[in-house]
């Protein structure tokens, strides 16, 4: 380990419970709190490797606050667009009744299912790059840093993923 990671390891052990408590008070989920505390540590490590900070604790809680906001946004999107278990049957009944909005919804779900299947056909490296870009909102440079490859390689992976998904959608 490097000197930075040694001191961060010590810092994390000292502040882990405070970070978890911070996340628990806001998100009320112990597993999410632990995961986000770990993510805070990882981001702090990357930040410290680039530019050491004078107030590590303040930076850690700043990162934690941003992670809470990101998590809430993502959960909001998931709740809005994730299919419920009853949704397909309801949609099929509505389509049978000639409801044009329900028919559009059913077509959208089928399209999402096609894209999901297409994504699962791709290698993990393409799916990871696409996920980090589309869901996490990382730049190609950040993704390249995370995955240990060049920006150009990330651009190629994402282009391959988009083309594959588009081709599968056109086949249906």
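Residue numbers (the numbering used here): 1 to 172. Glycine included, every Cβ here is placed at the ideal spot set by N, Cα and C. All figures in this text were calculated on a predicted structure; none of them were measured in a lab.
- A distance below 7 angstroms separates the beta carbons of residue 23 and residue 33.
- Cβ neighbours of residue 64 within its own chain (closer than 8 angstroms, five residues either side excluded): 19, 22, 23, 36, 37, 40.
- The residue from 27, 48, 50, 60 with its alpha-carbon nearest to that of residue 68 is 27.
- Annotated as proximal: residue 154 and residue 143, with beta-carbon spacing under 7 angstroms.
- DSSP assignment within the region 92–171 yields the following whole alpha helix (DSSP H) runs of 4 residues or more, N-terminal first: 100–121, 124–134, 140–147, 151–171.
- Contact check for residue 125 and residue 157: beta-carbon distance about 6 angstroms, within the 8 angstroms limit, so the pair qualifies.
- Rounded to the nearest angstrom, the gap between the Cα atoms of residue 12 and residue 57 is 9 angstroms.
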